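In numbering that gives the first Met the number 0, the protein residues as written are 0 to 274.
Notes to accompany the following structure.
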Amino acid sequence: MNRLVRGSSAAAVLLLALAGCKQEEQGAPVAPAAEPVQAPVVAAPAAADLHDVIENTPSYVIGISYPPAASKYPGLANALSDYAGHAKADLLKSVAELGNDKPTAPYELSLAFDMLVETPAVVAVSADGSSYTGGAHGQPLVARFVWLPEQQQLLKADDLIADAKGWQAISDFTEDKLLEQATVRAQGEDMSPEEQQAQVRNLSKMIDEGTAADATNFGQFQPVMDATGKIAALRFVFPPYQVGPYSDGTQTVDVPAAVLLPHVAADYRGLFAHP
């Protein structure tokens, strides 16, 4: 009998202990799940305030104009503002170096930005003008800006073409076209055939150097779009002195997509019209 009582008591104690453990497990506080870590949101850069500039003093004159549509693209607007800012700073530096002297003619900065292309995938702006700080004529200001809204970046020449072979193909094409243009100009002048040939030979050295197979020689370009919004060609822009004298002005060559595509970096091939 005592053995039965002791057995029953031990069983009761074990059941109570098990019940207590179960209650503790059920009543134990559950640690809250860790909240997912969110990546910080990087704010887009604020767009520069692209307002036209007109300044007129006895020593200098400045005129800068922008296309209103460029303000829709903050990264592009900042690039235009930076370019104009450097041009203005250079002019004002030259004015400061005059000291108390007065220039024979006011120093002058004239710079116009114009919208060339605006599609969902490609936006292009030209910058043309000059900076005059004495001498026979002003220093040409020629630049092109190609903005890719979907990638939020400027399209640079050294990113566009994937290899040296590509720059050689572009170099060969542009050199041939520029020599053709030089020949046509010479034929239109009142010169003998021998004089025309001599002029073209003299220009050929500048053209050869200015179109050497290097991205730095092709940094200024603008897209030529087709009816579907694809790039049918790139118009490479050569400022005065790069491939000819000042009197020949800014020269351009359109390189078709068929020549470019075998060498365009993979990230940008979708922008071009495919044959």
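Glycine included, each C-beta is placed from N, C-alpha and C at the ideal position.
Remember, predicted model here, so these are calculated numbers, not experimental data.
Can you tell me whether residue i is buried or exposed, with buried defined as 16 or more other CB within 10 angstroms of its CB?
{"i": "residue 191", "result": "exposed"}
{"i": "residue 210", "result": "buried"}
{"i": "residue 200", "result": "exposed"}
{"i": "residue 128", "result": "buried"}
{"i": "residue 173", "result": "buried"}
{"i": "residue 222", "result": "buried"}
{"i": "residue 254", "result": "buried"}
{"i": "residue 59", "result": "buried"}
{"i": "residue 61", "result": "buried"}
{"i": "residue 265", "result": "exposed"}
{"i": "residue 245", "result": "exposed"}
{"i": "residue 12", "result": "Only weak support is given to the placement of residue 12: the predicted model assigns it a pLDDT of 38, under 50, and the value that follows is read from those uncertain coordinates. Under this definition residue 12 is an exposed residue."}
{"i": "residue 95", "result": "exposed"}
{"i": "residue 236", "result": "buried"}
{"i": "residue 187", "result": "exposed"}
{"i": "residue 248", "result": "exposed"}
{"i": "residue 243", "result": "buried"}
With distances taken from CA atoms, which of the options is nearest residue i?
{"i": "residue 121", "options": "83, 225, 187", "result": "225"}
{"i": "residue 143", "options": "51, 247, 234, 262", "result": "234"}
{"i": "residue 153", "options": "95, 139, 72, 229", "result": "72"}
{"i": "residue 63", "options": "90, 57, 46", "result": "90"}
{"i": "residue 141", "options": "130, 161, 151", "result": "130"}
{"i": "residue 231", "options": "206, 237, 259, 249", "result": "259"}
{"i": "residue 238", "options": "228, 215, 68, 257", "result": "215"}
{"i": "residue 147", "options": "45, 181, 162, 158", "result": "158"}
{"i": "residue 139", "options": "252, 257, 241", "result": "241"}
{"i": "residue 268", "options": "196, 160, 218", "result": "160"}
{"i": "residue 81", "options": "102, 112, 68", "result": "112"}
{"i": "residue 171", "options": "212, 181, 220, 202", "result": "212"}
{"i": "residue 70", "options": "104, 83, 46, 270", "result": "46"}
{"i": "residue 202", "options": "220, 181, 189, 194", "result": "181"}
{"i": "residue 133", "options": "67, 179, 198, 101", "result": "101"}
Looking at the structure shown, is residue i part of a helix, part of a strand, or coil, going by DSSP?
{"i": "residue 189", "result": "coil"}
{"i": "residue 80", "result": "helix"}
{"i": "residue 255", "result": "strand"}
{"i": "residue 52", "result": "strand"}
{"i": "residue 134", "result": "coil"}
{"i": "residue 123", "result": "strand"}
{"i": "residue 75", "result": "helix"}
{"i": "residue 267", "result": "helix"}
What's the gap between the Cα of residue i and the Cα of residue j?
{"i": "residue 164", "j": "residue 262", "result": "8 Å"}
{"i": "residue 273", "j": "residue 79", "result": "31 Å"}
{"i": "residue 145", "j": "residue 50", "result": "20 Å"}
{"i": "residue 124", "j": "residue 250", "result": "17 Å"}
{"i": "residue 109", "j": "residue 86", "result": "10 Å"}
{"i": "residue 175", "j": "residue 56", "result": "46 Å"}
{"i": "residue 75", "j": "residue 65", "result": "12 Å"}
{"i": "residue 218", "j": "residue 169", "result": "12 Å"}
{"i": "residue 185", "j": "residue 204", "result": "16 Å"}
{"i": "residue 156", "j": "residue 166", "result": "10 Å"}
{"i": "residue 183", "j": "residue 197", "result": "14 Å"}
As an exercise, report each continuous alpha helix (DSSP H) stretch of at least 4 residues that is fully enclosed by the region 139–222, in chain order.
156–159, 163–186, 192–209
| task | Write down every uninterrupted run of the alpha helix (DSSP H) in the region 86–111 whose length is 4 residues or greater and which is fully enclosed by it, in chain order. | result | none
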